[in-house]
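Quick notes on the structure that follows.
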Amino acid sequence: RKRKPWEDRRFLKASVLVAPLGLVAIETGWIVTEVGRQPWIIRGVMRTRDAVTPVTGLEASFAMFSLLYLGLGVVVLLLLARYVRASDARDGGTP
């Protein structure tokens with residue numbers, strides 16, 4: 098009988114080791130985006146303070162996005178908890 102991936106110890110260890118690679122990819126993509134967006138600043142032709150324009154309403158926008166992401170985080174945690182409870186009930190609580 099062939100074992101399922103989540104039953105294989107090597108697969109589980111590899112999964113834990115590669116888990117941070119998603120965050121590394123996101124951060125690397127952000128760096129590439131910023132370098133492409135402001136190459137004259139990255140190369141030292143211009144300073145960031147010379148390129149910045151005044152922004153109005155930044156606090157409201159920041160608060161709105163913070164609340165949005167906080168709410169989405171709560172929803173994700175609730176859905177994960179529901180999924181785990183349903184899985185435990187279905188499997189009889191055995192690992």
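Quick note: the sequence shown uses my numbering, first residue 98, plus one each step.
Don't be surprised by glycine CBs; every beta carbon is placed ideally from N, CA and C.
What does the alpha-carbon distance come out to for the pair Gly-154 and Leu-164? 16 Å
Would you identify the three-state DSSP class for Arg-149, choosing helix, strand or coil? Reading the sequence as shown, one finds Val at residue 149 and not Arg. Coil, per DSSP.
Report yes if the C-beta distance between Phe-108 and Pro-102 is below 8 Å; otherwise report no. yes
Going straight from the alpha carbon of Val-129 to that of Gly-168, what length do you get? 29 Å
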